[in-house]
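Engineer: Here you go, one structure.
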Amino acid sequence: MEKSNNNQDSKKKKNKKNSNKFPEPFVKWAGGKRVIIDKLLERVPSKFDRYIEPFVGGGALFFALKSPTSIIFDSNEELINAYKIIQTNVNELINDLKKHKNTQEYFLFLRNLDRDASYKKLSNVERASRLIFLNHTCFNGLYRVNAKGEFNVPFGKYANPTIFSEENLLKISNLLKGTTIICDDFSKVLEFAKKGDFIYFDPPYLPLNKTSSFTSYTKDKFDFGMHTKLKEVCDELDKKKIKFMVSNSNTVEILKLYDNYNIEQIFSSRSISSNGEKRGKIREIIIRNYWYLVNLRR
C-alpha cells in the first residue's frame with residue numbers, strides 16, 4: 000500500500016510539473032485534447048509560420064504550442080466571446096468570476112438567463128463569466144445546448160469546484176495578445192491560409208454508434224455531411240501544399256473518407272460520459288497530409 004501511495008505522489012508531481020509548462024484550458028470541453036497532448040505535439044511539424052485552429056474548443060494544443068502568431072476560431076459565439084474577453088479585459092473578468100456562488104438555486108438562475116430577453120442585457124464580460132462558471136459547476140463539466148441554443152446541463156452538485164485560476168487566466172491573456180480570434184465556420188480557413196501555415200482540425204467526432212452522439216456545442220448539429228465538407232476543405236489545403244492535422248473517431252466512415260492521407264490509430268481516454276463505467280481507453284485517429292519525425296520542440 001505504501002508503494003502505491005508513493006507512485007500516486009510521483010504521478011501528481013509529474014502532472015503538476017507538466018501543467019506549469021504552458022497555460023491550461025479555461026473550460027472543460029467534450030473531446031478536449033489534454034489527455035493526448037504529448038501525442039499531438041510529437042506530430043506537429045517542427046517548423047511552421049502560423050498556427051491555425053478552426054475548432055479551438057478548450058484550446059489544449061494551442062496553449063501547448065504557445066505560437067506567437069496564431070489564428071483560432073470556432074462557431075460557438077459564447078466560447079469565442081470568452082476568448083476575446085480574456086484577451087482584452089481579463090482583470091474585469093476575474094473580478095466578475097469572484098461573485099459567483101456554488102449553489103443550485105444560483106446555478107439555475109444563471110443558466111436560465113438565456114431563456115428570456117434579460118440575457119441580452121448582460122455585458123460581454125458577464126457572458127464570459129457566466130460561461131466559465133456554468134462549465135465548471137454543471138454536471139460532468141459539460142458544455143451542451145439545445146436546438147434553441149440554450150444551455151441545458153443540470154447542476155453538478157460538487158462540494159468545492161475550482162471555477163477558475165487567476166494565474167492561469169493571466170497566462171492565457173498574455174498568450175492571446177498576438178492571436179487573431181474569429182467566430183466563424185471552419186471553412187473560413189480557405190480565405191486566408193497559405194503555404195507555411197500549420198492547421199489543426201479537431202471537429203466534433205463522428206459518433207462511434209447511434210447512442211454515443213454528442214455534437215451539441217452549438218445549436219447546429221455536426222453531421223456526416225459536415226465531415227464531408229471538412230474533408231473537402233482539407234483537399235483544398237493539400238492542393239496548396241498547406242500542412243494540416245485532423246483528429247477524429249476511429250470509424251469505418253472516417254477511415255474511408257480520408258483514405259488518401261496518412262492515418263494513425265492512437266488510444267485516448269474518454270473524459271466525459273454520463274456513466275462513469277463507460278469512461279476509459281478508446282481508439283481514435285490522427286490524419287495528416289505530411290510525414291513527420293518525432294518532434295522534440297516540447
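Just so you know, we're using numbering that gives the first Met the number 0 here: the sequence shown kicks off at 0 and counts up by one.
We put the CB at the ideal spot given by N, CA and C, even for glycine.
(1) Taking the alpha carbon of Lys220 as the reference point, which residue from Gly148, Asp201 and Phe266 has its own alpha carbon closest?
(2) Can you tell me which of the three DSSP states Ser248 falls into?
(3) Compute the beta-carbon to beta-carbon distance between Gly31 and Ala59, rounded to the nearest angstrom, for a pair I have assumed lies under 8 Å.
(4) So, is Lys280 buried or exposed, given that buried needs 16 or more other C-beta atoms within 10 angstroms?
(5) I'd like the ranges of any beta strand (DSSP E) spanning at least 3 consecutive residues and lying wholly in the region 69 to 124.
(6) If I measure Cβ to Cβ from Phe54 and keep anything under 7 Å in the same chain, skipping five residues before and after, which residues do I get?
(7) Let me make sure I understand the geometry here. Which of Ala81, Asp196 and Lys170 has the alpha-carbon closest to that of Lys239?
(8) Roughly how many angstroms lie between the CA atoms of Phe243 and Glu41, to the nearest whole one?
(9) Run the CB neighbour count on Ala127, radius 10 Å, all protein chains shown included, and call it buried at 16 or more, exposed below.
(10) Between which residues of its own chain and Ile253 is the CB-CB distance below 6 Å, once the five residues before and five after are set aside?
(11) Nearest to Asn101 by CA position, among Val89, Arg129, Arg114 and Ile84, is which residue?
(12) Give the straight-line distance between the Cα atoms of Gly224 and Leu207, rounded to the nearest whole angstrom.
(13) When the Cα of Thr136 is compared with those of Asn123, Phe47 and Phe154, which residue comes out closest?
(14) How is Phe132 classed by DSSP in three states: helix, strand or coil?
(15) Quick one: using the 10 Å Cβ neighbour count with 16 as the cut-off for buried, is Glu104 buried or exposed?
Structural biologist: On the basis of the data shown:
(1) In the sequence shown, the residue the question calls residue 220 occupies position 221. The shortest Cα separation from Lys220 among Gly148, Asp201 and Phe266 belongs to Gly148.
(2) On the sequence shown, position 249 is the one that residue 248 refers to. The answer is strand: DSSP assigns Ser248 an E or B state.
(3) To locate residue 31, count along the sequence shown from 1; it is residue 32. To locate residue 59, count along the sequence shown from 1; it is residue 60. Rounded, the Cβ-Cβ distance is 6 Å, consistent with contact.
(4) In the sequence shown, the residue the question calls residue 280 occupies position 281. Lys280 is exposed by the Cβ-count criterion.
(5) 69 to 73
(6) Counted from its first residue, the sequence shown places residue 54 at position 55. Around Phe54: Asp73, Phe185, Phe200, Asp201 and Pro202.
(7) Along the sequence shown, one-based indexing puts residue 239 at 240. It is Asp196 whose Cα lies nearest to the Cα of Lys239.
(8) Within the sequence shown, residue 243 is the residue found at index 244, counting from 1. Within the sequence shown, residue 41 is the residue found at index 42, counting from 1. Going from the Cα of Phe243 to the Cα of Glu41 covers about 14 Å.
(9) Position 128 of the sequence shown, counting from 1, holds the residue named residue 127. Counting Cβ neighbours within 10 Å, Ala127 comes out buried, since at least 16 surround it.
(10) Here residue 253 is taken as the residue at index 254 of the sequence shown, counted from 1. Contacts found: Leu205 and Asn247.
(11) For the purposes of this step, residue 101 is taken as the residue at position 102 of the sequence shown. Minimum Cα distance to Asn101 is reached at Arg129.
(12) Residue numbering aside, residue 224 sits at position 225 when the sequence shown is read from its first letter. Residue numbering aside, residue 207 sits at position 208 when the sequence shown is read from its first letter. Going from the Cα of Gly224 to the Cα of Leu207 covers about 16 Å.
(13) Here the question's residue 136 lines up with position 137 in the sequence shown. Considering only alpha carbons, the answer is Phe154.
(14) One-based indexing of the sequence shown puts residue 132 at position 133. The answer is helix: DSSP assigns Phe132 an H, G or I state.
(15) Sequence index remark: in the sequence shown, residue 104 carries index 105 (1-based). Result: exposed.
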